[in-house]
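For reference, the structure is listed below as structure tokens.
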Amino acid sequence: SAVISQKPSRDICQRGTSLTIQCQVDSQVTMMFWYRQQPGQSLTLIATANQGSEATYESGFVIDKFPISRPNLTFSTLTVSNMSPEDSSIYLCSVEEDRGNEQYFGPGTRLTVT
Amino acid sequence: GQNIDQPTEMTATEGAIVQINCTYQTSGFNGLFWYQQHAGEAPTFLSYNVLDGLEEKGRFSSFLSRSKGYSYLLLKELQMKDSASYLCASRNSNSGYALNFGKGTSLLVTP
């Protein structure tokens, strides 16, 4: 299975600032996704970030707030812009391996906004 | 619709068998996933079903009935370490193959 790493693993940020989260995969994958998991909740899809196309955002998430880059088949970034305490959450990237249907998650980035 | 329903909590005894049910209503259905998530950790992939029937993988098995919009995860020979949240998720070909997650079932295994 694909091995996925995320940086940073956790951060505490001030209101109004921005944080860029990195997701690195040890193999080339076309499909990559960014999710958010708020405390005590399940996972909510933010956007799909397939290489070679613009990111597709889910209802309630906009590019100005969560810009995404996908420069190649092994890397992506998600930026949380102009943060507020409501953005405190765990942010996870996931990938679907090109050779199969299984989807795997990175370890997550725990963000706290004060 | 994209509704995923699963029980909120379940309790079972060490060594026993437990079945966690999941119903889904989704257009463009393209697979049903189960994940295990321990507190403070990322979800771990358990199983994927796209065809009807039972998929067995060690102590864990997953079943799918597409006509009924129903799946279950079966855990045998329960161990204390199986205490975790179990997430049911459907994949939708109309949404770029992203997963739509249920709220998760918190399983407590007792001695």
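Sequence order for the protein chains is A and B.
To convert, note that position 50 of the first sequence is 60 in our numbering; the numbers rise steadily by one, no gaps.
To convert, note that position 84 of the second sequence is 1066 in our numbering; the numbers rise steadily by one, no gaps.
Think of the CB as a built atom: it goes at the ideal place given N, C-alpha and C, for glycine as much as any other residue.
- Query: Does the separation of the CB atoms of N1031(B) and E1038(B) fall below 8 Å?
  - Reply: Reading the second sequence from its first residue, position 49 is the one you call residue 1031(B). Reading the second sequence from its first residue, position 56 is the one you call residue 1038(B). Between N1031(B) and E1038(B), the C-beta gap is not smaller than 8 Å, which leaves the two residues out of contact.
Q | At least three beta-carbon pairs within less than 8 Å, the segment 83–91 of chain A to the segment 1045–1062 of chain B | A | Cβ pair count under 8 Å is below three, so no.
**Study point:** Local Cβ density within 10 Å of A59(A), reported as buried at 16 or more and exposed below that
**Key:** The count along the first sequence starts at 1 and reaches residue 59(A) at position 49. Buried, because 16 or more other Cβ atoms sit within 10 Å of the Cβ of A59(A).
- Under a CB-based cut-off of 8 Å, is L1014(B) close to chain A? Taking the second sequence and counting its residues from 1, one reaches residue 1014(B) at position 32. Chain A, which has no Cβ nearer than 8 Å to the Cβ of L1014(B), makes this no.
inquiry  = Using a 10 Å radius around the Cβ and a threshold of 16 neighbouring Cβ atoms, would you call A998(B) buried or exposed?
reply    = In the second sequence, the residue the question calls residue 998(B) occupies position 16. Label assigned to A998(B): exposed.
Check each candidate in P95(A), V123(A), E106(A) and G118(A) and name the one with the smallest Cα separation from V39(A). Your numbering for residue 39(A) matches position 29 in the first sequence. It is E106(A) whose Cα lies nearest to the Cα of V39(A).
Closer than 8 Å is the cut-off here; do at least three beta carbon pairs connect the segment 998–1016 of chain B with the segment 43–52 of chain A?
Here the segment 998–1016 of chain B does not lie against the segment 43–52 of chain A, with fewer than 3 beta-carbon pairs under 8 Å apart.
Checking contacts by CB at 8 Å: is S19(A) closer than that to chain B?
Indexing the first sequence from 1 puts residue 19(A) at position 9. No, its Cβ sits nowhere closer than 8 Å to a Cβ of chain B.
task: Identify, in the order they occur along the chain, each residue of the same chain with its Cβ nearer than 6 Å to the Cβ of M41(A), setting aside the five sequence neighbours on each side.
output: Locating residue 41(A) in the first sequence gives position 31, counting from the first residue. Within the same chain, Cβ atoms closer than 6 Å to the Cβ of M41(A) are found at N60 and E106, the five residues on either side in sequence being excluded.
G983(B) at chain A interface by Cβ criterion, 8 Å | Counted from its first residue, the second sequence places residue 983(B) at position 1. Legend: pLDDT at G983(B) = 39, less than 50; position of this residue unreliable, value from coordinates given subsequently. By this cut-off, G983(B) is not an interface position.
Less than 8 Å between CB atoms is the rule here; does L55(A) satisfy it with respect to chain B? As a working mapping, residue 55(A) is identified with position 45 in the first sequence. Closer than 8 Å to some Cβ of chain B, the Cβ of L55(A) qualifies, so yes.
- In the structure shown, what three-state DSSP assignment does D987(B) receive? To locate residue 987(B), count along the second sequence from 1; it is residue 5. Residue state for D987(B) is assigned as strand, using DSSP reduced to three classes.
Under the three-state DSSP convention, the category D1034(B) falls into: Residue numbering aside, residue 1034(B) sits at position 52 when the second sequence is read from its first letter. Coil, per DSSP.
| When Cβ atoms are compared, which residues of the segment 34–50 of chain A fall closer than 7 Å to chain B? | Per Cβ criterion, the list reads M41 and F43.
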